[in-house]
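J.:
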């Protein structure tokens with residue numbers, strides 16, 4: 001019998017499904033079929049919450065408790081510990097215990113640690129101790145690394161807004177770029193440093209790139225530091241566990257510490273072969289006053305508003321002669337006027353070797369095209385102004401277009417293509433270099449003007465190969481859209497509309513349907529300030545739709561984690577749609593109505609969710625009637641440019657249900673026609689722009705004059 005579960009811990013239907021190893025529909029079916037299924041202890045009708053202890057007992061009695069879900073049963077209790085650091089300390093403590101056992105040490109109490117290099121706060125509560133013991137026991141059945149990675153992954157998902165993580169494909173690319181940019185032999189990297197390591201993603205990428213490759217057989221040293229002690233502890237345990245191999249010594253040495261790197265660096269005497277870093281962006285309180293005379297500022301005191309240039313010079317100060325650093329930087333660092341003197345110094349010394357512009361969405365913040373800066377510590381004699389800097393513009397690399405839309409606003413990154421193209425651009429002497437991402441080796445003297453602007457797009461001409469690839473993709477998608485439009489045109493053009501409205505048909509307003517119980521309506525609500533995320537999102541993220549998004553084309557630009565959307569719905573502070581609800585925009589300038597086939601969606605202010613009784617109203621028929629332009633004219637206030645629609649005054653035809661379904665199918669096809677038209681316009685615009693650029697630069701095939 002497993003340990004008893006705190007009765008205050010609750011779970012959603014989705015979490016029950018994960019615990020039982022089934023789909024959510026199966027859990028909903030159990031609720032309908034079994035009178036003994038636990039009653040909700042909170043939440044709402046659409047998002048109920050259940051006591052985990054009662055759910056486990058019921059699943060056990062029914063023989064439905066899947067052993068695969070053991071970790072899922074444990075996670076809600078970690079989440080119930082409360083704040084981020086309390087949860088993180090418990091996870092780090094569990095990982096440290098597992099690392100001790102993997103290393104062959106006897107298991108000690110969960111708040112002690114004899115494994116060197118695993119820092120964490122040892123002040124554990126009774127609840128934390130209990131969960132550590134259960135996690136360790138679970139790991140003995142499911143594997144230490146898998147169990148720890150699961151707990152860490154759920155912790156990161158829960159706190160994704162507060163914690164920036166370097167995506168694994170980007171971390172691997174940074175390590176590969178560092179390898180290709182080195183002068184030494186492959187495999188001669190002995191020490192890698194990340195001075196802002198977070199939860200250790202870049203150090204793990206370094207381990208995969210260089211572990212076991214040193215010609216002398218010396219274990220790779222992975223050094224890290226982070227200002228957040230919880231993240232430092234989690235990173236240390238993560239890297240140690242990843243290095244344990246059955247029956248063998250640890251594959252690498254780990255030394256991760258907590259503290260403020262710029263103000264108090266514990267790795268002061270380190271001279272690393274490689275530095276990989278994703279430093280904090282736009283951090284104003286980085287130590288400008290107290291570090292004004294610091295010896296690290298070889299290329300000048302970083303301006304108060306340029307903390308990234310402080311991190312750049314710190315990384316260089318920790319490199320061995322000839323060592324390489326790869327830093328992830330916001331694009332503004334390449335062009336802001338305040339930093340031009342330091343950029344010029346980096347260029348003149350030959351220290352800055354390459355700048356790579358990445359596609360938007362590669363890493364937080366996802367809305368901008370971040371840059372990779374590749375630097376090399378002088379090994380005796382600078383490159384001087386006769387050398388060049390490699391500028392790579394990979395910001396436009398996109399995956400093959402698809403017919404679907406990305407509802408979460410997450411930018412799609414074709415990582416294999418991006419990796420291949422950037423590597424081809426950087427690979428020394430590679431015969432395929434000219435087919436790589438758009439790039440140019442720009443003489444340093446050409447960059448040393450009044451601006452010292454290192455933005456790749458301003459120096460790199462578009463290459464014909466990459467432009468043609470984009471055009472081919474756009475033409476393929478445009479052809480598919482034309483085929484869809486032809487099919488829809490054939491169907492819709494066959495509709496013959498009567499010259500007059502049928503006599504006695506009549507209409508009914510939404511307000512009357514609400515009073516009759518044929519409809520229910522919920523108004524959208526504005527999420528709390530700072531709650532909505534943008535950019536890369538987990539698979540279960542819930543998109544947040546606003547009037548601004550509707551005006552911009554209809555795709556949500558933000559999202560919320562599923563558990564936050566569920567909690568907000570339970571508390572009554574968020575409006576979350578369910579499939580087949582009709583969404584209506586109450587702002588006159590963006591008026592529209594549609595069936596939300598991709599629910600759940602969080603609705604912002606001036607958006608409304610209408611749920612029809614399926615025995616009385618067809619949702620597609622309802623949406624089609626509501627969105628008629630005449631409806632907006634008669635239900636709008638017209639008081640100002642910010643006129644609103646009184647949704648209760650919108651009119652709906654009076655038709656029998658079977659006739660509604662026939663009308664609804666016509667509305668469904670009309671909606672598909674509209675969407676295909678809109679996408680065809682977008683893709684057509686891309687084709688016009690791409691061809692114009694190519695022709696204007698003299699790449700039109702035929703006779704040359």
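Residue numbers (full-length UniProt numbering): 1 to 705.
Using N, Cα and C, we set each Cβ at its ideal position, and we do this for glycine too.
Per the DSSP calculation, residue 329 is bridged to which residue(s)?
T.: Note: residue 329 sits in a beta bridge opposite 371.
J.: If you drop the 5 nearest sequence neighbours on each side, which residues of the same chain put their C-beta closer than 8 Å to that of residue 292?
T.: Result list for residue 292: 301, in chain order.
J.: Taking the alpha-carbon of residue 194 as reference, which of 620, 627, 235, 655 has the nearest alpha-carbon?
T.: Residue 235 is the option with its Cα nearest to residue 194.
J.: I'd like to confirm the pairing. Which residues does DSSP put opposite residue 28 in its beta bridges?
T.: Answer is none; residue 28 lacks a bridge partner.
J.: Output needed for residue 16: all residues of its chain with C-beta closer than 7 Å, excluding positions within five of it in sequence on either side, in chain order.
T.: Excluding residues within five positions, the ones whose Cβ falls inside 7 Å are 27, 50, 55.
J.: Can you look up residue 351 in the DSSP assignment and give me helix, strand or coil?
T.: Correct three-state label for residue 351: coil.
J.: With a threshold of 6 Å on Cβ separation, who are the neighbours of residue 278 within its own chain once the five nearest residues in sequence on each side are excluded?
T.: For residue 278, where only same-chain residues beyond five positions count, the Cβ hits under 6 Å are 166, 328.
J.: Tell me, which residues are paired with residue 443 by DSSP?
T.: Its beta-bridge partners are 388.
J.: Just tell me which of 282, 331, 357 has its CA closest to the CA of residue 460.
T.: Among 282, 331, 357, the Cα nearest to that of residue 460 belongs to 357.
J.: Who are residue 651's beta bridge partners in DSSP?
T.: Per DSSP, 509.
J.: Taking residue 220 as the reference, which of 231, 229, 203 has the closest Cα?
T.: Among 231, 229, 203, the Cα nearest to that of residue 220 is on 203.
J.: Taking the alpha helix (DSSP H) that residue 625 belongs to, which residues open and close that run?
T.: Residues 619-626.
J.: Using CA atoms only, rank isn't needed, just tell me which of 517, 476, 475, 159 is closest to residue 562.
T.: For residue 562, the nearest C-alpha among the options comes from 159.
J.: Report the residue from 373, 566, 199 whose alpha carbon sits nearest the alpha carbon of residue 343.
T.: Of the candidates 373, 566, 199, the one whose C-alpha sits nearest the C-alpha of residue 343 is 373.
J.: Is it true that the CB of residue 154 sits closer than 8 Å to the CB of residue 210?
T.: Their beta carbons are not under 8 Å apart, which means residue 210 does not touch residue 154 by this criterion.
J.: Ends of the beta strand (DSSP E) at residue 253?
T.: Element bounds for residue 253: 252-258.
J.: So, does the stretch 569-587 touch the stretch 598-612, judging by three or more C-beta pairs under 8 Å?
T.: Yes, the stretch 569-587 is in contact with the stretch 598-612.
J.: For residue 40, tell me which candidate among 334, 474, 174, 10 has the shortest Cα-Cα distance.
T.: Comparing Cα-Cα distances from residue 40 to each of 334, 474, 174, 10, the minimum goes to 10.
J.: May I have the straight-line CA-CA distance separating residue 311 from residue 623, to the nearest angstrom?
T.: Between residue 311 and residue 623, the C-alpha separation is close to 54 Å.
J.: Assign residue 165 to one of three DSSP states: helix, strand, or coil.
T.: Coil, per DSSP.
J.: From 683, 86, 168, 644, pick the residue whose C-alpha is nearest to that of residue 124; which is it?
T.: Residue 86 is the option with its Cα nearest to residue 124.
J.: Determine the direct distance from the alpha carbon of residue 360 to that of residue 375, and round the result to whole angstroms.
T.: Cα to Cα, residue 375 sits roughly 22 Å from residue 360.
J.: With burial defined as no fewer than 16 other Cβ atoms inside 10 Å of the residue's Cβ, what is the status of residue 598: buried or exposed?
T.: Its Cβ having fewer than 16 others within 10 Å, residue 598 is exposed.
J.: With H, G and I counted as helix, E and B as strand and the rest as coil, what does DSSP make of residue 520?
T.: It is a strand residue.
J.: Report yes if the C-beta distance between residue 377 and residue 471 is below 8 Å; otherwise report no.
T.: In this structure, residue 471 does not lie closer than 8 Å to residue 377 by Cβ.
J.: Hey, how far is the Cα of residue 261 from the Cα of residue 226?
T.: When rounded, the distance between both Cα atoms is 7 Å.
J.: So, at 6 Å on beta carbons, what are the nonlocal neighbours of residue 523 in its own chain, with the 5 sequence-adjacent residues on each side left out?
T.: Taken in chain order, the residues that qualify are 608.
J.: Would you kindly work out how many angstroms separate the C-alpha atoms of residue 257 and residue 555, rounded to a whole number?
T.: Distance between the alpha carbons of residue 257 and residue 555: 42 Å.
J.: Do residue 369 and residue 331 come within 8 Å of each other at the CB atom, strictly closer than that value?
T.: Yes, Cβ-Cβ distance for residue 331 and residue 369 is below 8 Å.
J.: Short of 7 Å in beta carbon distance, which residues of its chain neighbour residue 394, apart from the five on each side in sequence? Order them along the chain.
T.: Contacts found: 356, 357, 358, 359, 418, 421, 422, 437.
J.: Taking the alpha carbon of residue 456 as the point to measure from, which residue in 449, 450, 61, 442 has its own alpha carbon closest?
T.: Considering only alpha carbons, the answer is 442.
J.: Determine the direct distance from the alpha carbon of residue 345 to that of residue 454, and round the result to whole angstroms.
T.: For residue 454 and residue 345, the distance between alpha carbons rounds to 13 Å.
J.: Considering Cα atoms alone, identify which of 571, 531, 448, 82 is closest to residue 335.
T.: Taking only the C-alpha atoms, the option nearest residue 335 is 448.
J.: Measuring alpha carbon to alpha carbon, tell me which of 88, 188, 488, 263 ends up nearest residue 198.
T.: Ranking 88, 188, 488, 263 by Cα distance to residue 198 puts 88 first.
J.: Hey, could you find the ends of the beta strand (DSSP E) residue 226 is sitting in?
T.: Start and end: 220-226.
J.: By a C-beta neighbour count over all protein chains shown, 10 Å radius and 16 as the cutoff for buried, is residue 176 buried or exposed?
T.: Flag for residue 176 reads buried.
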